[in-house]
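Everything on this sheet refers to the single structure shown next.
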Amino acid sequence: IDRIRLNFYQTLLLCAIKTIHYIDSIDIAISSKKQHNFVYDSVCDTIQYTFLLISSKLKNDFNLSWEDALWLGKHAFSSVLKTKTERHECLVDLFSESRNFQCLNRAELVSITKQAKHLFSLT
């Protein structure tokens, strides 16, 4: 299951990097709360779609709970956004862990994210 979590996290890290690059390449500044919430909701929809797509393809071989997947996805986006804090401070706040979300396997998931950072440099 750790390999599944690691792969899921790395997939969403790559998605986060591409998303932030796309947002940065647009000349329009994302400044209003409505725009930030739109980006946040779109990312959550992407995490859910990714989770459902992979779980439907793998059926019984996919042992990742929705709560773990959501935490890993938000953490992936938060990690990437923190590297560009001056431009995306409000988005960093939206993706922070204090967004009314508790995760049962938090210690295990943090361990997975540390493994991923060794394999996938964000700097």
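If you want this note's numbering, it's the position in the sequence shown, counting the first as 1, plus 16. C-beta: ideal position from N, C-alpha, C; glycine also. Note that this is a predicted model, so its numbers are computed, not measured.
Rounded C-alpha distance that separates residue 210 from residue 18: Because the chain here runs from 17 to 139, residue 210 falls outside it and cannot be looked at.
Expressed to the nearest angstrom, what Euclidean distance is found between the alpha-carbon atoms of residue 53 and residue 110? Here residue 53 is taken as the residue at index 37 of the sequence shown, counted from 1. Here residue 110 is taken as the residue at index 94 of the sequence shown, counted from 1. Rounded to the nearest angstrom, the two C-alpha atoms are 8 Å apart.
Residue 35 to residue 80, Cα distance in whole Å? As a first step, residue 35 is located in the sequence shown; it is residue number 19 there, counting from the start. As a first step, residue 80 is located in the sequence shown; it is residue number 64 there, counting from the start. Cα to Cα, the separation comes out at about 24 Å.
Starting from the C-beta of residue 31, find all residues in its chain whose C-beta is less than 7 Å away, skip the five residues before and the five after it, and write them out in chain order. As a position in the sequence shown, residue 31 is number 15, starting the count at 1. Excluding five sequence positions before and after residue 31, the CB atoms of its chain that fall closer than 7 Å to its own CB belong to 62, given in chain order.
Residue 114 (DSSP reduced to helix, strand or coil): Counted from its first residue, the sequence shown places residue 114 at position 98. Because the pLDDT of residue 114 is 44, which lies under 50, any placement of that residue in the model is unreliable, and the number read from its coordinates should be weighed accordingly. Three-state DSSP puts residue 114 in coil, outside helix and strand.
Check this for me: beta carbons of residue 87 and residue 64, under 9 Å apart or not? For the purposes of this step, residue 87 is identified with residue 71 of the sequence shown, where counting begins at 1. For the purposes of this step, residue 64 is identified with residue 48 of the sequence shown, where counting begins at 1. It is not a contact, given that the beta carbons lie outside the stated cut-off.
Hey, out of 59, 28, 39, whose CA is closest to residue 100's CA? Along the sequence shown, read from residue 1 onward, the residue named residue 100 stands at position 84. Answer by Cα proximity: 39.
Could you tell me the alpha carbon to alpha carbon distance between residue 72 and residue 24, rounded to whole angstroms? Here residue 72 refers to the residue found at position 56 of the sequence shown. Here residue 24 refers to the residue found at position 8 of the sequence shown. Rounded to whole angstroms, residue 72 to residue 24 spans 14 Å at the Cα level.
Which residue marks the beginning of the alpha helix (DSSP H) containing residue 21, and which one marks its end? Position 5 of the sequence shown, counted from the start, is the residue given in the question as residue 21. Start and end: 18 to 41.
Helix, strand or coil for residue 107 per DSSP? On the sequence shown, position 91 is the one that residue 107 refers to. It is helical.
Between which residues of its own chain and residue 85 is the CB-CB distance below 7 Å, once the five residues before and five after are set aside? Here residue 85 is taken as the residue at index 69 of the sequence shown, counted from 1. Cβ neighbours of residue 85 beyond the five flanking positions: 24, 63, 67.
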